[in-house]
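Asker:
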Ligand SMILES: Nc1ncnc2c1ncn2[C@@H]1O[C@H](COP(=O)(O)OP(=O)(O)O)[C@@H](O)[C@H]1O
Ligand SMILES: O=C(O)C1=C[C@@H](OP(=O)(O)O)[C@@H](O)[C@H](O)C1
Ligand SMILES: [Mg+2]
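Residue numbers (the working numbering): 5 to 163.
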């Protein structure tokens, strides 16, 4: 969360003239409400079910850039669906992630009393999954979102 998947996705799509989809936006459209409300009303499990379906539909019907939510790859079937795609892992350190997400109230997993500890625990648990899926890892602590997009285009020879 806060690594720039949504923002860099937009920058990449703009630079490449490619289409963009963000599964969090798709989930909100299907549910008819914002993500925090899905968590409160229906719970994380329901959110994850909507997310699995949103990713599967996007991968089947979309040609372009796809931004996922940070927890999407926890689902084994999503991991399977992503194999063969050029998955990019936008990495960042805990303090930077907490700072980037700290101003917004729209990430329910970080809304508890100790967002730093929560963020660190999530990052530690997820790192091996992100690394296992990615063909490219980009450090975003020291790059602007646009610099991240340019780096991806260069490294993956997309231009
Ligand atoms: N490389 C970056 N440098 C500085 N701020 C960034 C960077 N990438 C994203 N941001 C900012 O961090 C916040 C979260 O970005 P977002 O794209 O929503 O992340 P994600 O989709 O990975 O959770 C936004 O305010 C965004 O402008
Ligand atoms: O990491 C996660 O589990 C989540 C990340 C969020 O998306 P971003 O990674 O785009 O913030 C969003 O899908 C939801 O709040 C859960
Ligand atoms: Mg996002």
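Backbone N, C-alpha and C define an ideal beta-carbon position, used for all residues, glycine too.
1. For residue 71, which of helix, strand or coil comes out of DSSP?
2. Between residue 122 and residue 113, what straight-line distance do the alpha-carbon atoms span, to the nearest angstrom?
3. Under 7 angstroms Cβ to Cβ from residue 55, same chain only, skipping five residues before and after it: list those, please.
4. Mind checking which residues open and close the alpha helix (DSSP H) that includes residue 12?
5. Measuring straight from C-alpha to C-alpha, what distance separates residue 157 and residue 126?
6. Let me confirm a value: residue 163 is counted as buried when at least 16 other C-beta atoms fall within 10 Å, else exposed. Which label applies?
7. Mind checking whether the beta-carbon of residue 101 lies closer than 6 angstroms to any heavy atom of ligand 2?
8. In chain order, which beta strand (DSSP E) runs of at least 3 residues are fully inside the region 33-113?
9. I believe residue 137 touches residue 86 by the beta-carbon criterion, under 8 angstroms. Please report the beta-carbon distance rounded to the nearest angstrom.
10. Could you name the residues that DSSP lists as bridge partners for residue 137?
Answerer: If we stick to the structure as given:
1. strand
2. 8 angstroms
3. 27, 31, 73 and 76
4. 9-20
5. 28 angstroms
6. exposed
7. no
8. 68-71 and 92-95
9. 6 angstroms
10. Per DSSP, none; premise fails for residue 137.
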